[in-house]
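Chemist:
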Amino acid sequence: MQKLSATNLNFENNTIDYAFYDPPYGANINYSELNIVWEAWLNEFTMVKDEIIENKYQGKNRNIYGQMMLAALREVYRVLKPGRWLTMIYSYSDPSMYRIIQNIAHEAGFADEGGLLHINSASKTFAQETSDKSQQRFLVINFKKPKGGRKKVVEKSEDIEYDVIQVTHEFLKKYPGRTRDQIYDEVIKRLFSSVQIEKFDLDEILKNFFRKVGNEWFAPGTLIERRKGDQKQGALWEEPIPEHPEKEVILRLQDFLREYRIVPYSELREFYLRKLKIAIDRDFDDLVSENFIIDKGKVRLPTVEEQLRMQDITVHYTKRILAQFLDGRLNRAPTGPEICEWIHFCYQHELYREGLQLFGVLDESSIPSDAYKRAKKIAEVCRIKKK
Ligand SMILES: C[S@@+](CC[C@H](N)C(=O)[O-])C[C@H]1O[C@@H](n2cnc3c(N)ncnc32)[C@H](O)[C@@H]1O
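All residue numbers for the sequence shown refer to the working numbering, where the first residue is 102 and numbers rise by one.
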């Protein structure tokens, strides 16, 4: 065993078969300071100058931390045999670190091949399993020193928010009812190898595009399912308080609507108040409108087509972008052809007022004349339909 700094290894080039790194995570723990008592006891001291850390008392900011991490990864790259692996653990209490670590590893020459894994520090408590607050998690990344020495280029995402929405949607369709942390894990895992991770607001995305039931998230338009471990209906005379009240209410309302198909709203409310008697900490009307179809005072389950339409996340996303643009909140200028596509989209989705508004801002010189004529025709139809 040798006591060395990771930035300066005492090995020849291309000689090491495997490396396992558990580096410091930015400013997470001040190791050398905390270890001073034990180190004095052992008379072995951390080489503070070489310590990779973000620590203002040592004059090391995030930039210096990044540079030192890059030096360490370049060094391990140098000594590894081509085609061999570095496994690195990284904790993400601070999400902005991902972009840094992704950048550094690729800059040093490593390629990750998508084999990412998440682990948790210890066995999980019930709260960790179900809470929607962020927990400190650990990411295990396998980096390969490519044989040809070619650097991996990770492209900038065209629209990181949209990428996150897509990954979340696929994940929730496959695994309905996941917590925020589990979704976050999946997003990082999927994006890490494919695009440059930029800042995104997962909570905002979830709020705008997905459905929350208790602490669990679902894709829009999917019926809620009872999972193993969810509470079943209890004894008739003394029902226990369900562990997930909101989910239980939705499940029972779904069952009720499956049996009676179309029921007046008042009857559904009556059923909830008199038969279910489960207190939920949200508005009953909101819960019904989020989960069922209300048509002329009657409530029913969404049809398969309606479910599919609700699940079409691209439609929700385009509607949102459109609304942002028309409110002057979009932070980029759409091209002429894009506005034309939006006009067509508005027509298809009966957003006649918006279609007309969009035509109003379409610059004739930004698109070919036949495309302009087509947009004009659609806008005319929107004008008629709007009335
Ligand atoms: C996340 S901890 C690793 C903990 C270890 N896996 C364990 O279970 O005890 C990061 C470690 O990297 C060490 N470290 C910091 N700079 C270093 C450097 N330049 N070379 C080698 N190790 C360094 C820190 O002292 C700290 O012990």
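Even for Gly, the Cβ is constructed at its ideal location relative to N, Cα and C. Source: prediction; values computed, not measured.
Mapping the DSSP letters down to three states, classify Gly184 as helix, strand or coil.
Modeler: Note: Gly184 maps to strand in three-state DSSP.
Chemist: So, helix, strand or coil for Arg200, using DSSP?
Modeler: In this structure, Arg200 counts as helix in the three-state DSSP scheme.
Chemist: Can you give me the C-alpha to C-alpha distance between Gln103 and Ala120, rounded to a whole angstrom?
Modeler: Approximately 14 angstroms, taken between the alpha carbons.
Chemist: How close, in whole Å, do the beta carbons of Arg279 and Glu317 come, if the pair is a contact with beta carbons under 8 angstroms?
Modeler: With a Cβ gap of about 7 angstroms, Arg279 and Glu317 count as contacting.
Chemist: Going by the beta-carbon positions, is the gap between Leu358 and Leu402 smaller than 8 angstroms?
Modeler: Yes; because the gap between Cβ atoms is below 8 angstroms, this pair is in contact.
Chemist: Return the residue from the list Ile298, Ile202 and Arg353 that minimises the CA-CA distance to Lys257.
Modeler: Checked all of Ile298, Ile202 and Arg353; the closest Cα to Lys257 is Ile298.
Chemist: Going by the DSSP bridge assignment, what does Val405 pair with across the sheet?
Modeler: According to DSSP, which records beta bridges pairwise, Val405 is partnered with nothing at all.
Chemist: Under the assumption that Ile117 contacts Val180 (Cβ atoms under 8 angstroms), give the Cβ distance between them as a whole number of angstroms.
Modeler: That pair is a contact at about 5 angstroms.
Chemist: Is the separation between the beta-carbon of Val416 and that of His450 shorter than 8 angstroms?
Modeler: Cβ atoms of Val416 and His450: closer than 8 angstroms.
Chemist: Less than 8 angstroms between C-beta atoms, sequence neighbours within five positions excluded: which residues of the same chain meet that for Pro435?
Modeler: Excluding sequence neighbours, Pro435 sits near Phe426 and Trp443.
Chemist: Let me check one thing: in DSSP terms, what residues is Ser294 bridge-paired to?
Modeler: Its beta-bridge partners do not exist; DSSP assigns none.
Chemist: For Asp151 and Pro125, what's the separation of their Cα atoms in angstroms?
Modeler: Those two C-alpha atoms are separated by around 12 angstroms.
Chemist: From the DSSP output, which residues share a beta bridge with Trp318?
Modeler: In DSSP, Trp318 forms a bridge with Arg279 and Lys313.
Chemist: Given a cut-off of 8 angstroms on the beta-carbon distance, is the pair Ala472 and Leu457 in contact?
Modeler: No, the pair does not count as a contact, with Cβ atoms beyond the cut-off.
Chemist: Just curious, the alpha helix (DSSP H) that Tyr361 is in, first and last residue?
Modeler: Pro346 to Tyr361 is the extent of the alpha helix (DSSP H) around Tyr361.
Chemist: Please confirm if the stretch 159-175 is in contact with the stretch 199-210, defined as three or more CB-CB distances below 8 angstroms between the two stretches.
Modeler: Result yes; three or more Cβ-Cβ pairs closer than 8 angstroms.
Chemist: With C-beta atoms as the reference, is Tyr166 less than 8 angstroms away from Gly127?
Modeler: It is a contact, given that the beta carbons lie within the stated cut-off.
Chemist: In angstroms, rounded to a whole number, what distance separates the CA positions of Lys313 and Asn204?
Modeler: Answer to the nearest angstrom: the Cα atoms are 34 angstroms apart.
Chemist: Have a look at Ser467 and Arg433 and give me their C-alpha separation to the nearest angstrom.
Modeler: If you take the alpha carbons of Ser467 and Arg433, they lie about 16 angstroms apart.
Chemist: Can you tell me whether DSSP reads Asn109 as helix, strand or coil?
Modeler: In this structure, Asn109 counts as strand in the three-state DSSP scheme.
Chemist: CB Arg185 to CB Lys246, shorter than 8 angstroms?
Modeler: A contact, by the Cβ cut-off of 8 angstroms.
Chemist: In this structure, how does DSSP classify Val149 when only helix, strand and coil are distinguished?
Modeler: Helix, per DSSP.
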